[in-house]
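Numbered according to numbering that gives the first Met the number 0, the sequence shown spans residues 0 to 616.
All residues carry an ideal CB built from backbone N, CA and C; glycine is no exception.
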Amino acid sequence: MNMMYPNCRRSLVATLVAGAFVALPAAAATKATPAKAQGKPTVLEAERFIADAEEKLEQLGLDAQRAEWVAENFITLDTQSMTAQANEGFLTLSGETALKARRYKDLKLPEASARKLMLLQQTLMLPDAKDRATYARLAAHMTGAYGSAKYCPPGKTDCMPLGELEKVLATSRDPNRLKEVWLGWHAQSPAYKDDYVKYVEVSNKGARAMGYADTGALWRSGYDMSPEAFSSEMERLWQQVKPLYDSLHTYTRFKLRQAYGASVVPATGPIPAHLLGNMWAQSWDNLYPLLKPATRDGGEDLTALLEERKTDAKAMTRYAEGFYTSLGMRKLPDTFWERSLLTKPRDREVVCHASAWDLDGKDDVRIKMCITPTAEDFRVIHHELGHLYYDLAYSGQSPLFKNGANDGFHEAIGDTVALSITPAYLKQVGLMKSEPDPSQDIGPLLYTALQKVAFLPFGYMVDKWRWQVYSGQVKPADYDKAWWALKEQYQGVGRPGPIAEGGFDAGAKFHVASDTPYARYFLAHVLQFQFHRALCREAGYSGPLNRCSVYGNKAAGARFQQMLAMGKSKPWPEALKAVTGEDKMDATAMLDYFAPLKQWLDAQNRELAKTDASVKP
Ligand code: X8Z
Ligand code: ZN
0 MNMMYPNCRR SLVATLVAGA FVALPAAAAT KATPAKAQGK PTVLEAERFI
50 ADAEEKLEQL GLDAQRAEWV AENFITLDTQ SMTAQANEGF LTLSGETALK
100 ARRYKDLKLP EASARKLMLL QQTLMLPDAK DRATYARLAA HMTGAYGSAK
150 YCPPGKTDCM PLGELEKVLA TSRDPNRLKE VWLGWHAQSP AYKDDYVKYV
200 EVSNKGARAM GYADTGALWR SGYDMSPEAF SSEMERLWQQ VKPLYDSLHT
250 YTRFKLRQAY GASVVPATGP IPAHLLGNMW AQSWDNLYPL LKPATRDGGE
300 DLTALLEERK TDAKAMTRYA EGFYTSLGMR KLPDTFWERS LLTKPRDREV
350 VCHASAWDLD GKDDVRIKMC ITPTAEDFRV IHHELGHLYY DLAYSGQSPL
400 FKNGANDGFH EAIGDTVALS ITPAYLKQVG LMKSEPDPSQ DIGPLLYTAL
450 QKVAFLPFGY MVDKWRWQVY SGQVKPADYD KAWWALKEQY QGVGRPGPIA
500 EGGFDAGAKF HVASDTPYAR YFLAHVLQFQ FHRALCREAG YSGPLNRCSV
550 YGNKAAGARF QQMLAMGKSK PWPEALKAVT GEDKMDATAM LDYFAPLKQW
600 LDAQNRELAK TDASVKP
């Protein structure tokens with residue numbers, strides 16, 4: 000329930016998850032009937048209960064959020080303790096409320112109230128105060144530990160924070176250096192592995208008390224369908240896009256073999272994870288200079304241009320705001336500019352992973368991000384503002400509906416807008432000198448695929464791993480074994496060195512350390528193309544999707560806004576319908592977008608297969 004927590008981060012309080020299907024075992028339901036409940040419940044009583052619960056939860060959730068904002072802006076022992084305390088208070092109230100809500104389960108309530116009652120029960124319930132304290136303390140500690148982790152190279156005085164390590168992975172082409180920083184970062188997370196193990200145990204206790212099989216099942220219950228149906232949806236979508244991913248993976252391997260040699264990049268089996276330009280091998284756009292088409296490299300280098308112009312963090316954010324206002328949306332409030340964190344402070348530890356916050360359920364919206372002048376951060380700002388414009392659009396809904404239609408929607412809004420950052424758009428706002436000829440589109444398409452298509456199996460496997468961990472199928476001693484089995488199976492990437500005893504590679508990813516669910520990003524990668532296709536259609540555009548920008552199009556903006564304003568008040572298929580006319584998630588929009596690239600990749604792969612044997616050893 001997002002009134003309680005910022006986007007892009009942990010679900011501590013977010014364990015009141017979104018829109019679901021809850022089948023409670025009879026035993027749990029009986030045990031939970033409040034002792035003091037008098038007589039038969041009535042509709043009026045239920046509605047009063049819901050209104051009261053919404054109001055109290057909203058207030059406590061906002062207090063907890065404010066404490067979290069401070070804790071992530073000033074990582075210290077004390078701020079961690081204060082955020083843990085606030086979250087504990089929220090957890091107490093949400094658990095109690097969830098139990099009380101069961102009293103009304105057999106009533107025939109108006110649709111909106113029935114939906115709210117269901118949402119109120121999608122939470123952890125920890126009756127033991129000690130468990131609540133432990134849970135909140137561990138969550139705060141792991142987020143802080145991730146945020147302040149550094150790799151200290153032996154024999155050097157300066158330690159390297161994640162941002163610096165990522166820069167090396169993005170730009171260095173020395174496999175030994177890449178491996179060193181990769182291993183250096185992954186050596187930090189074992190420090191909080193024991194915490195994570197304990198955290199999973201307590202979290203499961205809370206999920207089971209509410210009738211869920213485990214926390215993974217609670218997470219999968221947030222999609223207006225059963226947890227099993229949701230798992231099948233994820234698999235169905237993955238199968239739709241897998242052939243495209245395979246073509247990209249094959250091409251990438253050939254080109255990496257040319258760059259690094261056959262002894263570093265094997266002809267078959269997983270590609271070593273440190274060579275893909277990103278700490279988690281989750282997007283590969285940093286490899287573009289190695290992979291770009293020899294003759295058809297359209298487009299200019301946005302990073303170079305932003306650097307050359309000395310575009311600062313605020314100016315980058317203004318560009319993003321300008322896109323949203325061009326769609327007819329409001330300007331960001333002054334308080335956004337006064338209260339957001341846009342650059343990495345020099346004098347203190349902060350959680351740099353970008354996030355979007357709504358501190359009052361009205362218009363005190365902010366982002367926290369360590370912006371650098373790169374094309375990647377240019378996109379990420381559009382992503383973050385997407386969260387904020389969603390928050391602003393549904394601020395008129397009642398508290399339980401102030402959320403995305405599902406969490407994938409929340410992640411997809413800004414990315415949808417960013418798909419409209421075409422060369423034509425960049426030229427229009429003066430960030431590109433010339434617009435490349437459409438015959439040069441393979442380059443930009445490949446670049447986008449290296450971000451978005453490369454991401455898909457990662458977006459899928461992170462929570463596959465967590466579902467296995469939460470269900471107990473994977474035990475702590477096998478965390479890394481299971482993590483790499485999934486990375487190899489889905490991403491086709493392998494660990495640069497042997498699995499380490501006591502290792503915790505999953506914990507080297509922000510969303511695991513901060514317990515933020517991840518399936519949402521997989522969904523968002525599918526949904527954003529579906530939204531983009533629909534908005535382009537609304538704008539009257541019928542050409543290739545990669546050339547469409549809805550910049551300045553008020554009709555497309557109004558259509559989008561209509562869906563955003565619905566928040567979580569209706570099951571997500573209705574929200575999807577409001578924009579696309581479709582009620583199923585569907586990856587064909589993504590396949591359409593990349594169709595010319597798929598053809599090109601397959602042709603390249605046939606040619607490269609012929610010359611690959613002569614790649615240097
Ligand atoms: O965490 C994010 C956003 C904040 S919600 C920056 N993303 C995922 C990640 O970085 O792993 C966006 C794409 C995937
Ligand atoms: Zn996000």
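Annotated three-state conformation of Gly493 is strand, per DSSP. Check the Cα spacing between Gln187 and each of Met141, Asn545, Asp611: the tightest is with Met141. Beta-bridge partners assigned by DSSP to Asn175: none are found. A Cβ-Cβ separation of about 16 Å leaves Glu320 out of contact with Ala353 under the 8 Å criterion. Short of 6 Å from the beta carbon of Ser419, and not among the five residues preceding or following it, lie these beta carbons of its own chain, in chain order: Ser548, Val549, Tyr550.
In this structure, Leu534 is the residue among Ser112, Leu445, Leu534 with its C-alpha nearest to the C-alpha of Lys576.
Put simply, the backbone Cα of Leu119 is about 10 Å away from that of Leu56. Remark: the C-beta of Glu71 is outside contact range of the ligand ZN, defined as less than 7 Å to any heavy atom.
The C-beta distance from Thr78 to Ala70 rounds to 4 Å, short enough to meet the 8 Å contact threshold. Trp466: not part of any beta strand (DSSP E); member of the alpha helix (DSSP H) spanning 441-470, first to last residue. Cβ neighbours of Pro372 within its own chain (closer than 6 Å, five residues either side excluded): Leu305, Glu306, Thr310. Looking at Lys291, Val350, Lys39, Lys583, the one whose alpha-carbon comes closest to that of Arg102 is Lys39.
Around the Cβ of Ala538, a 10 Å sphere holds 16 or more other Cβ atoms; the residue is buried. Sequence-distant Cβ neighbours of Arg347 in its own chain, meaning closer than 7 Å and more than five residues away, are Phe73. For Trp356, no alpha helix (DSSP H) run applies; the uninterrupted beta strand (DSSP E) run containing it begins and ends at 354-357, by DSSP. For Ala190 and Asp601, the gap between their C-alpha atoms comes out near 44 Å.
Comparing C-alpha distances from Leu430 to each of Pro437, Thr421, Val511, Asp436 shows the shortest one belongs to Thr421. Nearest Cα to Gln529 within the set Ala453, Glu53, Thr415: Thr415. The C-beta of Ile498 has fewer than 16 other C-beta atoms within 10 Å across all chains shown, which makes the residue exposed. By a beta-carbon distance limit of 8 Å, Leu290 contacts Leu445. Their separation comes to about 7 Å. Excluding the 5 residues flanking it on each side, Val167 has same chain C-beta neighbours closer than 6 Å at Val180, in chain order.
It is roughly 11 Å from the alpha-carbon of Lys432 to the alpha-carbon of Asp300.
Burial state of Cys351 is buried, judged by a 10 Å Cβ sphere holding 16 or more other Cβ atoms. The stretch 358-374 makes contact with the stretch 387-394: 3 or more CB pairs, one atom from each, lie closer than 8 Å. Restricted to the stretch 501-583, the alpha helix (DSSP H) segments that are unbroken, complete and at least 4 residues in length are 509-512, 518-537, 553-565, 571-579, listed in chain order. Under the three-state reduction of DSSP output, Leu106 falls in the coil class, being neither helix nor strand. Separation of Asp213 and Lys197 (C-alpha to C-alpha, rounded to the nearest whole angstrom) is 14 Å. Of all alpha-carbon atoms in Leu485, Ile380, Ala374, the one lying nearest the alpha-carbon of Thr447 is that of Ala374.
The residues Pro189, Asp479, in chain order, have a CB closer than 7 Å to that of Gly502 in the same chain once the five nearest residues on each side in sequence are set aside. Here the stretch 95-115 lies against the stretch 41-48, with 3 or more beta-carbon pairs under 8 Å apart. The alpha carbon of Ala612 has as its nearest neighbour, out of Met233, Lys254, Ala144, the alpha carbon of Lys254.
The alpha-carbon of Ser325 is positioned some 24 Å away from that of Lys401.
With distances taken between CA atoms, Ala411 lies nearest to Phe559 out of Pro288, Phe559, Ala512. Annotation: the continuous alpha helix (DSSP H) that includes Arg65 extends over 42-72. Cβ neighbours of Trp279 within its own chain (closer than 7 Å, five residues either side excluded): Phe457, Lys508.
Taking C-alpha positions only, Thr156 is separated from Ala148 by approximately 16 Å.
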